[in-house]
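So this is what it looks like as structure tokens:
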């Protein structure tokens, strides 16, 4: 039986929607990949549902940081929160344009808007002393060692895919101006918000905010945003068809339908890789625990089928849809 289409939906699109692993990240490549993303999301954008889209920024913000590091003797570097803001605005612009162009070519006048989004974190979060979030390019171990020696960056192996720069990744605590996101979505526009997990900020007792050096996990921010907005279905679109157990082994098996309790058991047993699938599973668990009804982890190309429950990994709070 197909799943019902919710009145309000949040879709979290992975960073590979703009800069997949293996690409050079040229403008032409980014535009082509964004156009493909728009095409994959078109059937959902044409539905009569409030739609909020979030996106990752891992590869892009890593490139910004790398450019700064290489030019540090000639150009004063920006703080990491500003780098996140740059990546959030740039990626959202490309996605916004691609989605609107796709809608126009199919006769829809629906608007797509981008809202620059700050996300509050706890200044005492332990993540600030233990960097875990991988960003930027994948490197060989020798390249990683050279970068670490040259730039002082902490490099770590990322789920068997290579070595990457890791930065602090505190938990999101509050989505700033979430009421504005809700208002625009209610007016019928597709809202792109919370890009790259949001711009990390902390709030002082007097209500003022300042940025901090961190990159928030976009799936965790997406789960929080979805819960605050009362979203019942959260879709996390990535580059794999399903969540798998025994990943990259002869016993690898994709999960199609699973309950929250079953997923928690696998997650607690360390079944999912820390740099890749674990944050998505963690986000799904947090979303369902926080009031959501169904979380979906699926390939971007399967977006429409996954929404109906016909593709991807479908995670529900209990035993049914």
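Numbering (my numbering), first residue to last: 504 to 824.
Just so you know, even glycine gets a beta-carbon here, dropped at the ideal spot from N, CA and C.
Residue i - containing alpha helix (DSSP H), residue span
{"i": "residue 678", "result": "That residue, residue 678, is in no alpha helix (DSSP H); its beta strand (DSSP E) goes 675 to 678."}
{"i": "residue 681", "result": "681 to 689"}
{"i": "residue 827", "result": "The first residue shown for the chain is 504 and the last is 824, placing residue 827 beyond what the model contains."}
{"i": "residue 541", "result": "530 to 548"}
{"i": "residue 808", "result": "806 to 810"}
For residue i: DSSP bridge partner residues
{"i": "residue 696", "result": "618"}
{"i": "residue 668", "result": "638 and 658"}
{"i": "residue 756", "result": "748"}
{"i": "residue 703", "result": "622"}
{"i": "residue 648", "result": "Residue 648 pairs with nothing; no bridge assigned."}
{"i": "residue 816", "result": "800"}
{"i": "residue 714", "result": "704"}
{"i": "residue 558", "result": "516"}
{"i": "residue 762", "result": "819"}
{"i": "residue 470", "result": "For the chain, the structure presents residues 504 to 824; residue 470 sits outside this window and is missing."}
{"i": "residue 739", "result": "515 and 800"}
Within 8 Å, strictly: CB atoms of residue i and residue j
{"i": "residue 594", "j": "residue 742", "result": "no"}
{"i": "residue 583", "j": "residue 670", "result": "yes"}
{"i": "residue 704", "j": "residue 622", "result": "yes"}
{"i": "residue 549", "j": "residue 609", "result": "yes"}
{"i": "residue 763", "j": "residue 788", "result": "yes"}
{"i": "residue 724", "j": "residue 701", "result": "yes"}
{"i": "residue 746", "j": "residue 737", "result": "no"}
{"i": "residue 786", "j": "residue 739", "result": "yes"}
{"i": "residue 511", "j": "residue 734", "result": "yes"}
{"i": "residue 515", "j": "residue 557", "result": "yes"}
{"i": "residue 717", "j": "residue 624", "result": "yes"}
{"i": "residue 675", "j": "residue 719", "result": "yes"}
{"i": "residue 790", "j": "residue 726", "result": "yes"}
{"i": "residue 581", "j": "residue 571", "result": "yes"}
{"i": "residue 766", "j": "residue 818", "result": "yes"}
{"i": "residue 811", "j": "residue 796", "result": "no"}
{"i": "residue 666", "j": "residue 660", "result": "yes"}
{"i": "residue 696", "j": "residue 553", "result": "no"}
{"i": "residue 517", "j": "residue 566", "result": "no"}
{"i": "residue 495", "j": "residue 585", "result": "The requested residue 495 is not part of the displayed model; the chain covers only 504 to 824."}
First through last residue of the beta strand (DSSP E) which encompasses residue i
{"i": "residue 552", "result": "Unbroken run through residue 552: none, as it is neither H nor E."}
{"i": "residue 732", "result": "Unbroken run through residue 732: none, as it is neither H nor E."}
Contact with chain C by residue i, beta-carbon distance below 8 Å
{"i": "residue 721", "result": "The structure shown contains no chain C; it holds only a single protein chain."}
For this session: For the region 566 to 618, list the alpha helix (DSSP H) runs that are entirely contained and at least 4 residues long, ordered along the chain.
Result: Runs found: 583 to 608.
Exercise. Can at least three beta-carbon pairs, one atom from the region 635 to 644 and one from the region 682 to 697, be found at a separation below 8 Å?
Worked result: The region 635 to 644 makes no contact with the region 682 to 697; the number of CB pairs closer than 8 Å stays below 3.
Exercise. Are three or more beta carbon pairs between the region 540 to 557 and the region 805 to 820 nearer than 8 Å?
Worked result: Cβ pair count under 8 Å is three or more, so yes.
Problem set entry | Stretch pair the region 585 to 600 + the region 525 to 543: three plus CB contacts closer than 8 Å | Yes, the region 585 to 600 touches the region 525 to 543.
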